[in-house]
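Residue numbers (UniProt numbering), protein chains in the order written: chain S, 1 to 500; chain P, 1 to 213; chain Z, 1 to 323. Using N, Cα and C, we set each Cβ at its ideal position, and we do this for glycine too. Model, not experiment: these values are computed from the prediction. For reference, the structure is listed below as structure tokens.
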């Protein structure tokens, strides 16, 4: 405990210098800006801004880069809520209820609860890292391929719960999503699968391309259909801050989301990706009236947003304590450390305590900055919705094109968002929901790879999934969740048959 | 739900039912995947081949499709509504225009010139704008000339992303001593000025007729 | 929208235009156009080759007085990037980093024809390492244990037909073991699984593995080059342990569109070598797992040819299908 206290004191003495507060602010601002633009992710921006940090000391450089990461995470949610365009898997869930709230003229409330929930989650996660970071590293080591596979199975069950309409259609979409994730070179044998001989499909399909296409472009097409639907979005500004009753409704979700996100974020191999889905599932199951979900339930924004931010925060644990980057942004952080002559690895904490604790303290500072930047901005964002749609959508379209192009400098990626836009539009027309498909897509690749790894290690024995306790527990949990998720809808389905 | 469905199927009696269409789509997708993967080995549990998972998934997709077909043919469901063809065409054209002009792109014997965001952005907004039936030409011009340079500044100048901002050939014709950033800023300023000018022009003149371009 | 008067706007425009004509006097005759040098990498940002390229590009830009911008065009085994440069104008404005060995099955003659060598930045070993939870202190006991109970052993690599995968299969063949290959996507999770012992062995560059070796979480068995890795001087080479044909290295080099003016190629090669030889960069490259080299175009070209034929011979012998 004394260690913790002295560590945090050291950390805040690093993070609270004028320069570092300024850099955290700058990072969060740039991050928010690029996060709000659909398709523009933090990876390209951090990569490009790396040289600017060469002249800074390592702690300052990392504080600024981390700021960009939080900012982009938060900014992505803003876009998801306002224009239903999730640029990353993490903001997919926020779009579900957040955008519905915006359509009902409650965009300000959705953005407000997202900001407040994120700040709370960030604060808790910061202390979580400070107190438990080192012991929790052991948890990460418990997870091998078998455990990951089972965790992904749990994740797919969440996808069923995400669905609003027919369970059969949701399952179909999940499977299609997994099928799409197998496009590209087979990791184990190097053979091409469903690439149609195209070099561009060798590495599979980029998430952002599908996300922006199937959600964003399809949304534009749908909005252009009817005058009424698009006018509802700009009908009223409404309140900007959640009311007391809304707050009361949302705060338990924030706490649960924070907890879920903190735990899942620790897992290497990007466990944080599951956090918002897990939280959404939990909230939907706990709600007295789950039919509100998908139609603007505030818990469906508060929980996942908190989970997302907590996960984003605790995913620094594998990086800080082991030097193992769980995702692309963290890989860049490793790059930034090495450029500054710091060897990322288990010794960072002892060799560079100012950096280790400085970063932890800066996380909290960064979260505060986000609140400071975003609360006043909510009014501006919401007012943006008053811009006539005929002017708004060409702008969204152009931003999407530039954003997608900037990921990999490939014009063909831009063409793909058009293609997926049409597909997404057709799916909407046929009452298929895109969210389960995207979740299937995100989890599918991780699932297949870990399944095959586990089977190579076990020499083809499926028992490995039941022999390993963590894996077995996860599979049982998945089964229970599935029963809980499917039973009510089967019952409902039967009722419907009877009433008809 | 059921009354709505009933009314919609009275409205467009000739249209395909949603479940039937969805089922057909899934079955088609399944067959496509199985056909594409026909030459890949399945493998066994201790050495899973590349085709095992995709094929099982394809079969599952096909099965879902089949079930949907069944339920669609038993029950009267909602019919498929008409597609907004105008919007789809203009949005796709706008995206293609962006992809084709932002960087040189070779399609068969044809290579498009690399014109950068300066041109690609304007094209996207101008073409895409007409996806909406109430598009107004002047408004779109002002928007295109105002937003495009803002993006050029943000991505090209401030964030330094490797994204072409203006036509390549300008590099070889400007007088020596000009840098890439310099050309960029010059073009941006020019675009901002013209956008503001067109906007001001439209505002000063009282509108006598509704602008429906 | 904008609430500026026309006069203010005009003034702003003139001021911006004036800023535009800033000095490019430093950039010599080699790069006459007002264009940035585009340096492509076929890998996503993060990782050793990317970090090295960025560090060199930053210094190169200063020493030649010409902006250099890095473009990560990841995909298709680096060929999206190499192909793009192989088709660019031979005007000296496009470079590409090769993170070798480059092994592909698709015809790459147009890539090899379209590119010429500039400089080899560095080359370094791969390490066979493993979890410290297994009681095998050295390579000899490891081989014995793997022969006694083949089903208990497997090794992690960053993917099918990557250099570490091929090294692992070559080791299997030479040592007579049957250690299973477990493919990962890049390094991150494989290190985690190797430390935890889910996959008992891993073959990986020293850049990402050295911190864990230093911390006692991974046990190094041998390095794949003829010379030891200077930051881990206690780790023996395979060669020393009786595997004479193990001289397999990972390397980073720079290439340019072939047919580029000789003056430009020489200037770039010279500047890159000078940068690589600075003590600060030497340290940096070494920490990324490579021994800094810095070569002339001819040396890199010869190295590339020899390296390519060496690897393709091994691949043919092992019967691994490339992708």
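Note to self: Can you confirm whether the segment 148 to 165 of chain Z touches the segment 237 to 246 of chain Z when touching is taken to mean that 3 or more C-beta pairs between the two stretches lie within less than 8 Å?
What the structure shows: no
Range covered by the beta strand (DSSP E) that runs through residue 220 of chain Z: 218 to 223
Discussion item. Counting only C-beta atoms, is residue 198 of chain Z closer than 8 Å to chain S at any point?
Written reply: yes
- Query: Alpha carbon to alpha carbon, how far is residue 186 of chain Z from residue 98 of chain S?
  - Reply: 35 Å
Legend entry - Residues from the segment 28 to 40 of chain P in contact with chain S, defined by Cβ distance under 7 Å: 29, 33, 36, 37, 40
Any idea which residues DSSP pairs residue 184 of chain S with across the strands? S:193
task: Check whether the Cβ of residue 327 of chain S sits closer than 7 Å to any heavy atom of the ligand FAD, and report yes or no.
output: Of ligands this structure carries none, so the ligand FAD is not represented either.
Original post:
Name the chain Z residues whose beta carbon is nearer than 7 Å to that of residue 299 of chain S?
Top reply: Going along chain Z, no residue has its Cβ under 7 Å from residue 299 of chain S, so there is no contact; the nearest lies around 33 Å.
Margin query: Between which residues of its own chain and residue 205 of chain S is the CB-CB distance below 7 Å, once the five residues before and five after are set aside?
Written below: So the list reads 180, 183, once near-sequence residues are dropped.
Checklist line | Length of the line joining the Cα atoms of residue 273 of chain S and residue 222 of chain S | finding: 28 Å
Practice problem: Can you give me the Cβ contacts of residue 26 of chain S inside the same chain, cut-off strictly under 8 Å, excluding the 5 residues immediately before and after it? | Solution: 64, 67
Check whether the Cβ of residue 3 of chain Z lies closer than 8 Å to any Cβ atom in chain S.
-> Any reading at residue 3 of chain Z needs caution, since the residue's pLDDT is 43, under 50, leaving its predicted position unreliable; the model's value is listed next. No, residue 3 of chain Z does not count as interfacial toward chain S.
Hey, could you find the ends of the beta strand (DSSP E) residue 98 of chain Z is sitting in? Its beta strand (DSSP E) spans residues 94 to 100.
Is the CB-CB distance between residue 108 of chain Z and residue 96 of chain Z below 8 Å? no
(message) Taking the alpha-carbon of residue 118 of chain Z as reference, which of Z:276, Z:253, Z:279 has the nearest alpha-carbon?
(response) Z:253
Just to confirm before moving on: does the CB-CB distance between residue 219 of chain S and residue 359 of chain S stay below 8 Å?
No, they are not a contact pair.
field: Residues of the segment 281 to 302 of chain Z with Cβ closer than 9 Å to any Cβ of chain S, in chain order
entry: 283, 284, 287, 288
>> Among the candidates Z:124, Z:33, Z:211, Z:54, whose CA atom is the shortest distance from the CA of residue 343 of chain S?
In response: Z:211
Based on DSSP bridge pairs, tell me the residues matched to residue 248 of chain S.
For residue 248 of chain S, which the question treats as bridged, DSSP gives no partner whatsoever.
Practice item. List in chain order: all unbroken beta strand (DSSP E) runs of 3+ residues lying wholly within the segment 429 to 462 of chain S. Key: none
- Message: Taking 8 Å as the cut-off, does the segment 364 to 373 of chain S touch the segment 119 to 126 of chain S (at least 3 CB pairs, one atom from each stretch)?
- Response: yes
Checklist entry - If residue 420 of chain S sits next to residue 214 of chain S, beta carbons under 8 Å apart, how far is it from one beta carbon to the other, in whole angstroms? => result 5 Å
Q) Quick one: complete alpha helix (DSSP H) runs, 4+ long, within the segment 157 to 201 of chain Z? A) 163 to 175, 188 to 196
Give, in chain order, every residue of the segment 32 to 49 of chain Z whose Cβ lies closer than 8 Å to some Cβ of chain P. Hits within the stretch, in order: 32, 33, 34, 35, 36, 38.
With DSSP as the reference, label residue 117 of chain Z as helix, strand or coil. strand
inquiry  = Quick check on residue 459 of chain S - is its C-beta less than 8 Å from some C-beta in chain Z?
reply    = yes
Quick test of your reading: residue 73 of chain S and residue 309 of chain S, contact by CB under 8 Å. State the CB separation rounded to the nearest angstrom.
Yes, residue 73 of chain S and residue 309 of chain S are in contact; Cβ-Cβ is about 7 Å, under 8 Å.
- Message: According to DSSP, is residue 311 of chain Z part of a helix, a strand, or is it coil?
- Response: helix
**Item:** residue 264 of chain Z to residue 297 of chain Z span [Cα, whole Å]
**Value:** Spanning the two alpha carbons is a distance of roughly 12 Å.
Measuring only the C-alpha atoms, how far is residue 13 of chain S from residue 132 of chain S? Their backbone Cα atoms lie some 21 Å apart in a straight line.
Kindly indicate which residue of Z:307, Z:308, Z:317, Z:295 has the alpha-carbon position closest to the one of residue 120 of chain Z.
Taking only the C-alpha atoms, the option nearest residue 120 of chain Z is Z:295.
- Message: Check whether the segment 113 to 121 of chain P and the segment 150 to 167 of chain P touch, using three or more Cβ-Cβ pairs below 8 Å as the test.
- Response: yes
Find the residues of chain Z that neighbour residue 43 of chain S, judging by a C-beta separation of less than 7 Å, and give them in chain order.
45
Would you give the residue range spanned by the beta strand (DSSP E) that residue 239 of chain S belongs to?
That residue, residue 239 of chain S, is in no beta strand (DSSP E); it is neither H nor E in DSSP.
Residue from P:36, P:26, P:22 whose Cα sits closest to the Cα of residue 194 of chain S
P:36
(message) Tell me the rounded alpha-carbon separation between residue 107 of chain P and residue 92 of chain Z.
(response) 25 Å
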